[in-house]
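Undergrad: First the structure, then my questions, so here it is.
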Amino acid sequence: MAPLLQVEGCTKRFGGLVANRDVSLTIEPREIVGLIGPNGAGKTTLFSCISGALHPDEGRILLDGTDISKARPEQVCRLGVARTWQVVRSFGRMTVLDNVICGALRRTSRVGPARARALELLAFTGLAGKEDVTAAALTLADKKRLEITRALATSPRLLLLDEAMSGLTPFETTAAVELVRRIHSELGLAICVVEHVMEVVMPLSHRVVVLDHGEKLTEGPPAEVARDERVITAYLGDRYRART
Amino acid sequence: MTIFLQAVADGLQMGLLYALVAVGLAIIWGLMEMINFAHGEFMMLGMFGAWGLSVSLGWDPLISMVPIAVVMYGLGVLVYRVLMQRVQRGEMFTQIFATVGLFFFIQNGVVAVFTSDYRFVEGSLLTGLSGANLSLGGVRIGVPLLVGGLIALGLFFLLYLLIDRTDFGLAMQATAEDRDAAMLVGIRPQRMYAVAWGLGTALVAVAGVILANFFSVYPQAGLSFTVLAYAIVALGGFGSILGTLLAALVVGVVQSVTAAYLPPAFKDAFVFGSYILIGLFRPQGLFGRF
Amino acid sequence: MVWAVAALVALLYPVPFERSGQIYYETVGFLVLLNAMLGIGWNIIGGWAGQFDFGPSIFFAIGAYTAALLSIHWGFNAWLALLGAVVVSVVICAALTYPVTRLRGHYFAIATVAMWMIAQPIGATWPLINGSQGLFIPVASGGSFVHGMLTMEFPGRGKGLGFYYLSLLLFVVTLLGARAVERSKWGFYFRAVRDDQEGAEAIGIDSRLYKVIARCLMAAVFAAGGTLYGFWALAVFPDQVLEVNWNILPMMAAVVGGLGRLWGPVLGAIVLIPISQLMTTTLGAGPLAGRGIDLIIYGAVIMLIAGWRPNGLLSLPWAEWAARVRRRAPAPPVPTSRGRS
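Protein chains in written order, with numbering that gives the first Met the number 0: chain A, 0 to 243; chain B, 0 to 289; chain C, 0 to 340.
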């Protein structure tokens with residue numbers, strides 16, 4: 000099967016800082032890929048290059064064979080990529096339902112069907128009952144849930160989750176992981192997860208990619224990556240090694 | 000060719016004065032990203048102040064500059080504490096809108112008291128010098144405007160010293176860079192903002208005092224200077240003082256050259272058009288770093 | 000129920016003035032409705048899409064001039080001229096706006112002011128529109144009320160009444176149109192762009208396109224308003240149609256009433272226009288006349304709203320106040336029949 004996403008030699012500079020240097024990776028359909036690495040490794044930059052918020056200075060990004068390196072974010076979304084953000088974003092002045100309707104309007108022009116789909120998705124992600132709450136008034140966990148729901152409403156084939164678990168309590172984290180699992184199994188998406196919480200990423204991912212200082216350090220099945228000396232030195236630390 | 004050089008020379012001199020008009024805006028903007036539609040109105044108040052003191056007390060504008068600066072400083076701080084401080088925590092539109100209200104209030108307040116008639120400062124030192132020229136390679140440089148420009152430049156230099164060489168100026172720069180970090184080292188942002196407003200208002204009013212020697216004084220004089228000041232601040236890279244000076248010189252020259260070759264009604268059109276072009280193609284301004 | 004009453008009031012408003020001959024108040028009504036309509040138009044770009052346009056009067060002027068030219072040179076009927084004015088205004092708006100959609104917030108606002116300032120010398124000197132000498136719209140005399148509604152011609156005494164109903168008609172059309180947009184995909188997308196432009200783009204919204212659409216809708220409304228104004232004034236002068244009031248009053252009405260709320264501009268216009276008219280009548284020809292006292296008041300109102308009630312008058316706790324009033328009113332005697340609660 001051809002890969003859904005191919006990143007080939009992505010390089011992105013900000014003045015003198017090289018945020019991504021020659022990063023290549025692929026994501027297959029229905030795969031969950033974990034993207035890990037220390038802060039400043041370039042994970043969010045890579046996401047932004049994929050989603051079109053930024054454009055790589057060198058290299059290519061292909062979605063299902065189509066070159067999206069220079070595409071604008073709305074075009075990338077139309078082609079089937081949705082993302083969430085490190086610092087959660089929502090349309091603060093609109094209700095929860097209206098937020099998701101905005102996403103659903105990507106696939107249908109009429110508000111009626113969009114509303115129906117939005118209600119379905121809100122039930123699926125566990126926000127049923129909160130439709131009329133103003134987005135700005137939600138708890139952090141619910142805001143993240145809303146962001147994911149809204150992204151799902153655009154019917155993506157690839158979902159990019161940028162630190163979706165950060166700032167959550169252990170209880171909320173478990174619920175969030177559960178949601179990601181359900182999204183994968185029931186909606187059949189490919190998902191790329193950026194996370195710092197190893198206990199979350201490792202069990203969830205089929206494959207893990209490690210970035211460090213803008214470069215890809217290694218990739219492979221979670222168990223392998225966790226045992227890799229370089230990864231332990233750069234990021235995981237001895238404590239994690241001792242546990243596996 | 001001489002026409003062109005003459006226009007450039009005139010433009011540079013005006014540019015110095017424009018720099019003084021714009022620098023107050025640059026300070027306020029650089030510190031708290033606030034837009035002030037009433038900026039030109041403060042300049043207009045400075046003009047009226049100069050005219051009023053000249054007519055009633057016979058004071059030369061170069062002298063009345065000082066008390067006017069002090070009073071306008073106070074006004075700026077007052078406006079900040081009463082109104083702008085409130086809208087600062089709100090939405091951007093409300094901030095802009097508040098200054099639009101200020102604009103209407105001030106301009107029409109002056110209309111109510113003084114009517115829209117044009118007034119002129121007469122008998123001042125600079126108007127007395129009118130007609131005195133220096134000649135530099137075939138280009139005629141009017142002494143009054145030159146003196147005015149040099150005064151502006153001097154004030155600019157003082158401002159630069161204040162911002163760059165004093166502890167207070169350093170505190171202001173710190174607040175502009177990172178407000179929370181500044182708070183952590185004991186700087187009170189509210190005080191910085193109030194001073195910025197006072198300083199910005201005083202500077203533009205002083206510019207008005209000087210300009211009153213060369214332009215007619217009337218209540219509607221402010222708005223085109225406001226937009227001009229914004230064009231300059233945008234060109235100069237938003238908040239950079241040196242950038243503002245350079246940009247002001249550029250704008251002065253562009254305006255002057257335009258006026259030399261096109262009908263006078265269009266002299267500002269080019270500047271405004273450039274603002275739009277800059278916004279499109281080089282949003283960090285000619286001299287800003289992004 | 001409230002709507003029925005409001006509609007009735009709106010329809011019957013001119014009746015008492017017709018009887019008493021105080022046609023002036025009909026014109027006040029006309030101005031209220033015109034500004035309310037413009038305010039609703041401005042709300043689309045300013046309130047919903049969150050892009051602050053401080054120079055919308057250029058489209059008012061384009062509308063007035065296009066309609067005038069179509070009527071004078073090609074004998075277009077007023078309504079056809081209005082249509083033409085709207086089309087031209089929308090096309091020009093799209094062309095002008097698309098390039099500047101990159102500008103955000105303040106920069107966009109200043110750019111719209113810059114456009115307005117550039118328009119002024121153009122308006123004063125362009126031969127096609129007769130520059131500052133203006134265009135005059137020819138009007139036939141006589142004609143019934145119905146004829147007048149069809150041609151926007153109400154010479155003489157019937158003018159106040161006729162234009163009141165014309166403006167009411169256009170106002171209702173604009174209101175219904177805006178309501179439809181608010182509930183449509185466009186309405187959702189505008190507000191998404193306002194709340195979070197990057198977030199909107201990430202869910203597939205072309206922010207530039209929708210900013211242009213929103214501004215073009217405003218341009219259409221302003222063009223229609225300009226046409227109406229032109230036929231009312233029977234002449235189009237650049238300094239009148241580009242006047243700062245047409246920039247500021249619609250926006251003020253929207254903000255004072257409640258930015259982003261459909262009825263905000265209506266409430267705002269009802270509050271603000273009479274202030275200006277009151278100033279004109281009370282100050283009359285006295286020493287303070289023409290001294291911009293009304294604008295001073297507007298300025299003060301704007302500052303008060305911005306500082307203390309930025310969400311506008313509609314955000315005041317009306318329901319709470321109504322409840323408090325009801326509680327204070329003495330309860331009517333209850334008929335003593337058992338079995339009723």
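Ideal Cβ positions, reconstructed from N, Cα and C, are used throughout, including at glycine. Since the structure is predicted, the reported quantities are computational estimates derived from the model, not experimental observations.
(1) Are the CB atoms of B/Leu-144 and B/Phe-254 within a distance shorter than 8 Å?
(2) Name the DSSP bridge partner or partners of A/Glu-223?
(3) Going by alpha carbons, who is nearest to A/Phe-38 out of A/Gln-85, A/Asp-56, A/Val-75, A/His-54?
(4) Does C/Gly-338 get closer than 8 Å to chain B when you measure Cβ to Cβ?
(5) Pick from C/Met-278, C/Gly-20, C/Val-300, C/Ile-212: whose alpha carbon is nearest that of C/Gly-49?
(6) Pick out whichever of A/Asp-56, A/Pro-28, A/Ala-18 has its Cα sitting closest to the Cα of A/Ala-40.
(7) Identify whether A/Ala-113 lies in helix, strand or coil by the three-state DSSP scheme.
(8) Beta carbons nearer than 7 Å to chain A: which residues of the region 192 to 217 of chain C have them?
(9) Below 7 Å on C-beta distance, what does A/Ile-100 contact in chain C?
(10) Under three-state DSSP, which class holds A/Ile-182?
(11) So which residues of chain A does C/Ser-183 contact, with C-beta pairs closer than 7 Å?
(12) Using a Cβ-Cβ cut-off of 8 Å, state whether B/Tyr-79 counts as contacting chain C.
(13) When the Cα of C/Tyr-163 is compared with those of C/Leu-208, C/Pro-13, C/Ser-314, C/Trp-317, which residue comes out closest?
(14) Please list, in chain order, all residues of the same chain as C/Leu-233 whose beta carbon is under 7 Å from its beta carbon, the five residues on each side excluded.
(15) Beta-carbon separation of A/Leu-34 and A/Val-192 under 8 Å?
(16) In terms of DSSP beta bridges, what is B/Ser-134 paired with?
(17) Which of the three DSSP states, helix, strand or coil, is assigned to C/Gln-21?
(18) Quick check: is the beta carbon of C/Arg-308 nearer than 8 Å to any beta carbon in chain A?
(19) I'd like the span of the alpha helix (DSSP H) that includes C/Gly-83, first residue to last.
(20) DSSP three-state call for B/Phe-156: helix, strand or coil?
(21) Taking only three categories from DSSP, how would you classify B/Ala-37?
(22) Have a look at A/Pro-28, A/Cys-76, A/Val-32 and flag the residue whose alpha-carbon is nearest the alpha-carbon of A/Ser-50.
(23) Just to check my reading of the structure: C/Tyr-106 and B/Ala-233 have Cβ atoms closer than 8 Å, yes? What is that Cβ distance to the nearest angstrom?
(24) Could you say which of A/Ala-222, A/Arg-229, A/Asp-227, A/Gly-213 lies nearest to A/Gly-15 if we only look at CA atoms?
(25) Can you tell me whether DSSP reads A/Thr-153 as helix, strand or coil?
(26) Would you report the Cα separation of C/Gly-104 and C/Ile-304, rounded to the nearest angstrom?
(27) Candidates B/Trp-58, B/Gly-122, B/Leu-133, B/Ala-21: which alpha carbon is nearest B/Gln-353's?
(28) I'd like the list of long-range same chain contacts for C/Trp-47, defined as Cβ closer than 7 Å, with 5 residues on each side in sequence excluded.
(29) At what residues does the alpha helix (DSSP H) containing C/Ile-109 begin and finish?
(30) Report the partner residues of A/Ile-31 according to the DSSP bridge assignment.
(31) Which residues bound the alpha helix (DSSP H) around C/Val-211?
(32) Of all the CB atoms in chain B, is at least one closer than 8 Å to the CB of C/Ala-48?
(33) Reducing DSSP to helix, strand and coil, say where A/Ile-67 ends up.
(34) To the nearest angstrom, how far is the alpha carbon of C/Leu-294 from that of C/Ile-301?
(35) Determine, using beta carbons only, whether A/Phe-90 comes closer than 8 Å to chain C.
(36) Are the region 198 to 210 of chain B and the region 63 to 79 of chain B in contact at 8 Å, needing three or more beta carbon pairs?
TA: Checking against the coordinates, here is how it stands:
(1) Walking along the second sequence from the start, residue 254 of chain B turns up at place 255. Walking along the second sequence from the start, residue 144 of chain B turns up at place 145. First, the amino acid is wrong: residue 254 of chain B is Gln here, not Phe. Inclusion of B/Gln-254 and B/Leu-144 in the CB contact set at 8 Å is not warranted, their separation being larger than that value.
(2) Within the first sequence, the letter at position 224 stands for residue 223 of chain A. Beta-bridge pairing links A/Glu-223 to no other residue.
(3) Within the first sequence, residue 38 of chain A is the residue found at index 39, counting from 1. The question names Phe, but residue 38 of chain A in the sequence shown is Asn. If we check each option's Cα against that of A/Asn-38, A/Gln-85 comes out closest.
(4) On the third sequence, position 339 is the one that residue 338 of chain C refers to. Caution applies to C/Gly-338, whose pLDDT of 45 falls short of 50 and renders its modelled position unreliable; the value that the coordinates give is listed next. No, C/Gly-338 lies away from the interface with chain B (no Cβ there is under 8 Å from its Cβ).
(5) By one-based count along the third sequence, residue 49 of chain C stands at place 50. For C/Gly-49, the closest C-alpha among the options C/Met-278, C/Gly-20, C/Val-300, C/Ile-212 is that of C/Ile-212.
(6) Within the first sequence, residue 40 of chain A is the residue found at index 41, counting from 1. Of A/Asp-56, A/Pro-28, A/Ala-18, the residue nearest in Cα terms is A/Ala-18.
(7) Your numbering for residue 113 of chain A matches position 114 in the first sequence. A/Ala-113: helix per DSSP, three-state reduction.
(8) Taken in chain order, the members of the region 192 to 217 of chain C whose beta-carbon sits within less than 7 Å of a beta-carbon on chain A are Asp-194, Asp-195, Glu-197, Gly-198, Glu-200, Ala-201, Ile-202, Gly-203, Ile-204, Asp-205.
(9) Counting from one through the first sequence, the residue named residue 100 of chain A turns up at place 101. Those within 7 Å of A/Ile-100 in chain C are Phe-187.
(10) Here residue 182 of chain A corresponds to residue number 183 of the first sequence, with the count starting at 1. Here A/Ile-182 sits in helix by DSSP.
(11) Position 184 of the third sequence, counted from the first residue, corresponds to residue 183 of chain C. Under the 7 Å cutoff, chain A gives Val-110.
(12) Looking up residue 79 of chain B in the second sequence gives position 80. Not one chain C Cβ lies under 8 Å of B/Tyr-79.
(13) Taking the first residue of the third sequence as 1, we reach residue 163 of chain C at position 164. Nearest of C/Leu-208, C/Pro-13, C/Ser-314, C/Trp-317 to C/Tyr-163, Cα basis: C/Pro-13.
(14) By one-based count along the third sequence, residue 233 of chain C stands at place 234. Non-local beta-carbon contacts of C/Leu-233 in its own chain, meaning distances under 7 Å to residues more than five positions away in sequence, involve Phe-135, Ile-136, Val-138 in chain order.
(15) Position 35 of the first sequence, counting from 1, holds the residue named residue 34 of chain A. Position 193 of the first sequence, counting from 1, holds the residue named residue 192 of chain A. Yes; because the gap between Cβ atoms is below 8 Å, this pair is in contact.
(16) Position 135 of the second sequence holds residue 134 of chain B. DSSP lists B/Arg-139 as partners of B/Ser-134.
(17) For the purposes of this step, residue 21 of chain C is taken as residue 22 along the third sequence, with counting starting at 1. DSSP places C/Gln-21 in coil when its eight states are reduced to three.
(18) Sequence index remark: in the third sequence, residue 308 of chain C carries index 309 (1-based). With a threshold of 8 Å between beta carbons, C/Arg-308 makes no contact with chain A.
(19) Here residue 83 of chain C refers to the residue found at position 84 when the third sequence is read from its first residue. Going by DSSP, C/Gly-83 is part of the alpha helix (DSSP H) stretching over 77 to 99.
(20) Taking the second sequence and counting its residues from 1, the one referred to as residue 156 of chain B is at position 157. DSSP places B/Phe-156 in helix when its eight states are reduced to three.
(21) Within the second sequence, the letter at position 38 stands for residue 37 of chain B. B/Ala-37: coil per DSSP, three-state reduction.
(22) Looking up residue 50 of chain A in the first sequence gives position 51. Comparing alpha carbon positions, the residue from A/Pro-28, A/Cys-76, A/Val-32 closest to A/Ser-50 is A/Cys-76.
(23) One-based indexing of the third sequence puts residue 106 of chain C at position 107. One-based indexing of the second sequence puts residue 233 of chain B at position 234. C/Tyr-106 to B/Ala-233, Cβ: 7 Å. Contact.
(24) Start at 1 with the first residue of the first sequence, and residue 15 of chain A comes out as number 16. The residue from A/Ala-222, A/Arg-229, A/Asp-227, A/Gly-213 with its alpha-carbon nearest to that of A/Gly-15 is A/Gly-213.
(25) Taking the first residue of the first sequence as 1, we reach residue 153 of chain A at position 154. Looking at A/Thr-153 - three-state DSSP - the assignment turns out to be coil, as it is neither helix nor strand.
(26) Your numbering for residue 104 of chain C matches position 105 in the third sequence. Your numbering for residue 304 of chain C matches position 305 in the third sequence. Distance from the CA of C/Gly-104 to the CA of C/Ile-304, rounded to the nearest whole angstrom, comes to 20 Å.
(27) In this structure chain B extends from 0 to 289, so residue 353 of chain B is not present and cannot be described.
(28) As a working note, residue 47 of chain C is residue 48 in the third sequence. Only Gly-186, Phe-189, Arg-190, Arg-193, Ala-213, Gly-259 meet the Cβ criterion.
(29) Start at 1 with the first residue of the third sequence, and residue 109 of chain C comes out as number 110. Looking at the DSSP string, the run of the alpha helix (DSSP H) that includes C/Ile-109 is 104 to 124.
(30) Stepping through the first sequence from its first residue, residue 31 of chain A is reached at position 32. Answer is A/Ile-190, bridged to A/Ile-31.
(31) Translated into positions along the third sequence, residue 211 of chain C becomes position 212. Counting along the chain, the alpha helix (DSSP H) containing C/Val-211 begins and ends at 206 to 232.
(32) Residue mapping note: residue 48 of chain C aligns to position 49 of the third sequence, counting from 1. So no, C/Ala-48 is outside the interface.
(33) To locate residue 67 of chain A, count along the first sequence from 1; it is residue 68. Looking at A/Ile-67 - three-state DSSP - the assignment turns out to be coil, as it is neither helix nor strand.
(34) By one-based count along the third sequence, residue 294 of chain C stands at place 295. By one-based count along the third sequence, residue 301 of chain C stands at place 302. A direct Cα-Cα distance of roughly 10 Å separates C/Leu-294 from C/Ile-301.
(35) As a working note, residue 90 of chain A is residue 91 in the first sequence. By this cut-off, A/Phe-90 is an interface position.
(36) Yes: at least three Cβ pairs fall under 8 Å.
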